[in-house]
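A quick write-up on the structure given underneath.
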Amino acid sequence: MISAIGIDIGGTNTVVGLVAGSVVLERRVMRTKGATDLDRYVKDIAHIIEAIALDYPHCNIVGIGIGAPNADAVSGHIYHPVNLPWKGEVPLTQLLTARTGLRSYLINDATAAVIGEMRFGNSSNLTDFMVITLGTGIGSGIVANGQLVSGIGGLAGELGHVIAVPGGRSCSCGRSGCLETYASATGLVNTAIERVRSGADTVLNSKPVMDITAEYVYNAALAGDAVAIGVFEHTGFILGTTLADVIALLAPQALVFMGGLAHAGDMLLVPVAQAADAGMLKALKGRVAFTRSVLPDSDAAILGAAQLVFDNR
Ligand SMILES: [Zn+2]
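By our numbering, the letter at position 261 of the sequence shown is numbered 254, and the numbering carries on one by one without gaps.
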């Protein structure tokens, strides 16, 4: 069976998947965070691919597709990836091909997720939508008139670096107040830490601030902690207000959320939809769907990245 490896490189984890057609047969997770030794990291990916090949002898793996932040599809290099542990220019496809002997292709991670969602997700019948991945950072991609909007060097659709709070938190991109610094999992945690440090009466105080995670804030909110609920409301307000502008610009049929923070579901998406609705152009009210991708985490990016291999055969 003709198969491909699809890799989703996120700021926290890297997921290596085995794809045949539209099916992800296998997913193996390794850490990205802290993997400062690039050679070691590439070697670890190659070992996972070897192990997958041994476990699936009926699969003929014909190449590797990689979705990563700041990726240049033409050179196969990652440039100055702010959420990844390597600096400068990383010739990832060349390194992986040298290590595995397999042809490798690189694409922006958000673009990979959009392609996966377009072809295999619940948006395959839509012509105008935006995919928003809420993870360590924020990834996003735009589909307009049934086409992926790529812009110069595939850099279009960087919603995470739209300024949501003028003069706000400093962002790793060098600007201040970017949406990513508030509405990613990292941003949500920082809001929670701010509230703890301001002396709020909350169960979040029961952990050292360094150990607070988005999941921990979510569980506290689920248990009824008013401060934790407020953190989600604040995050949702900032995201929803920014999305009202996006909606004015694109008039999309849907906004499709994925990524770890999207698992918070209504806790986040209800305040997002409320804020977006409050700021939305009247002509568009009630006409834009706020949905979560039906694809399991990472699968959209894995499927989209693997398509590069199949498309280039
Ligand atoms: Zn930024």
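For glycine and all other residues, C-beta sits at the position ideal for the given N, C-alpha and C. Quick caveat: nothing in here was measured; it's all calculated off a predicted structure.
Where residue -6 sits in the DSSP three-state scheme: Within the sequence shown, the letter at position 1 stands for residue -6. Judged by DSSP in its simplified three-state form, residue -6 adopts coil rather than helix or strand.
DSSP-derived helix/strand/coil call for residue 115: Working through the sequence shown from its first residue, we reach residue 115 at position 122. Residue 115 falls in the coil class under three-state DSSP.
Residue(s) in a DSSP beta bridge with residue 52: Numbered from 1 along the sequence shown, position 59 holds the residue referred to as residue 52. DSSP, once it has assigned bridges, lists no residue as partnering residue 52.
Own chain residues within Cβ distance below 6 Å of residue 124, not counting five before or after: Here residue 124 refers to the residue found at position 131 of the sequence shown. Answer for residue 124: 106, 107, 110, 134 and 249, listed in chain order.
Cβ shell of residue 139 (< 6 Å), same chain only, five flanking positions each side left out: On the sequence shown, position 146 is the one that residue 139 refers to. Within the same chain, residue 139 has close Cβ partners 120.
Any non-hydrogen atom of ligand 1 closer than 7 Å to residue 306 Cβ: Residue mapping note: residue 306 aligns to position 313 of the sequence shown, counting from 1. No, ligand 1 has no heavy atom inside 7 Å of this Cβ.
For residue 59, the residue or residues it bridges with in DSSP: Position 66 of the sequence shown, counted from the first residue, corresponds to residue 59. DSSP lists 0 and 99 as partners of residue 59.
Those residues which DSSP pairs with residue 82 across a bridge: Residue mapping note: residue 82 aligns to position 89 of the sequence shown, counting from 1. Answer is 72.
Where residue 149 sits in the DSSP three-state scheme: Within the sequence shown, residue 149 is the residue found at index 156, counting from 1. Coil at residue 149, not helix or strand.
C-beta contact flag for residue 170 and residue 157 at 8 Å: Here residue 170 corresponds to residue number 177 of the sequence shown, with the count starting at 1. Here residue 157 corresponds to residue number 164 of the sequence shown, with the count starting at 1. Yes, Cβ-Cβ distance for residue 170 and residue 157 is below 8 Å.
Integer Cβ distance of residue 39 from residue 93, believed to fall under 8 Å: As a first step, residue 39 is located in the sequence shown; it is residue number 46 there, counting from the start. As a first step, residue 93 is located in the sequence shown; it is residue number 100 there, counting from the start. Going by Cβ atoms, the distance from residue 39 to residue 93 rounds to 5 Å, so yes, they are a contact pair.
Secondary structure of residue 273, DSSP reduced to three states: As a first step, residue 273 is located in the sequence shown; it is residue number 280 there, counting from the start. Note: residue 273 maps to coil in three-state DSSP.
Validate contact between the segment 148 to 165 and the segment 268 to 288 using beta carbons, cut 8 Å, 3 pairs: no
Alpha-carbon spacing of residue 302 relative to residue 97, whole angstroms: As a first step, residue 302 is located in the sequence shown; it is residue number 309 there, counting from the start. As a first step, residue 97 is located in the sequence shown; it is residue number 104 there, counting from the start. The straight-line gap from Cα to Cα measures roughly 8 Å.
Nearest to residue 223 (by Cα), restricted to the options 2, 233 and 210: As a working note, residue 223 is residue 230 in the sequence shown. Of the listed residues, the one whose Cα sits closest to residue 223 is 210.
Cβ of residue 41 within 8 Å of any chain D Cβ: Judged by its chain identifiers, the structure shown contains no chain D, having just a single protein chain.
Any non-hydrogen atom of ligand 1 within 7 Å of residue 162 CB: Residue numbering aside, residue 162 sits at position 169 when the sequence shown is read from its first letter. No, ligand 1 has no heavy atom inside 7 Å of this Cβ.
4-residue-minimum alpha helix (DSSP H) runs that sit fully inside the segment 222 to 296, ordered along the chain: 259 to 272
Span of the beta strand (DSSP E) around residue 129: As a first step, residue 129 must be located in the sequence shown, where it is residue number 136. Looking at the DSSP string, residue 129 is not in any beta strand (DSSP E), and its letter there is neither H nor E.
Proximity test, residue 73 beta-carbon vs ligand 1 heavy atom, cut-off 7 Å: In the sequence shown, the residue the question calls residue 73 occupies position 80. No, the Cβ of residue 73 stays beyond 7 Å of every heavy atom of ligand 1.
Euclidean distance between Cα positions of residue 115 and residue 291: Your numbering for residue 115 matches position 122 in the sequence shown. Your numbering for residue 291 matches position 298 in the sequence shown. Using only the alpha carbons, I get a separation of about 15 Å.
Separation of residue 283 from residue 130, as counted between CA atoms: Here residue 130 refers to the residue found at position 137 of the sequence shown. Here residue 283 refers to the residue found at position 290 of the sequence shown. Between residue 130 and residue 283, the C-alpha separation is close to 20 Å.
Given residue 100 as reference, the closest of 298, 305 and 306 once Cα atoms are compared: Along the sequence shown, read from residue 1 onward, the residue named residue 100 stands at position 107. Selected option, being the one with the closest Cα: 298.
Endpoints, the alpha helix (DSSP H) within which residue 190 is located: Within the sequence shown, residue 190 is the residue found at index 197, counting from 1. Going by DSSP, residue 190 is part of the alpha helix (DSSP H) stretching over 178 to 190.
DSSP-derived helix/strand/coil call for residue 45: Start at 1 with the first residue of the sequence shown, and residue 45 comes out as number 52. It is helical.
Pair within 8 Å by beta-carbon distance, residue 195 and residue 188: Against the sequence shown, residue 195 aligns to sequence position 202. Against the sequence shown, residue 188 aligns to sequence position 195. Result yes, Cβ atoms of residue 195 and residue 188 sit closer than 8 Å.
Ligand 1 heavy atom lying under 7 Å from the CB of residue 173: Counting from 1 along the sequence shown, the entry for residue 173 is found at position 180. Between ligand 1 and residue 173, a heavy atom-to-CB distance of less than 7 Å is present.
Anticipated Cβ contact below 8 Å, residue 255 with residue 127, distance rounded: By one-based count along the sequence shown, residue 255 stands at place 262. By one-based count along the sequence shown, residue 127 stands at place 134. Correct: roughly 5 Å between the Cβ atoms.
Residue 58, buried or exposed, once every other Cβ within 10 Å from all chains shown has been counted against 16: Start at 1 with the first residue of the sequence shown, and residue 58 comes out as number 65. Buried, by the Cβ-count rule.
Rounded C-alpha distance that separates residue 22 from residue 41: If you number the sequence shown from 1, residue 22 lands on position 29. If you number the sequence shown from 1, residue 41 lands on position 48. Approximately 9 Å, taken between the alpha carbons.
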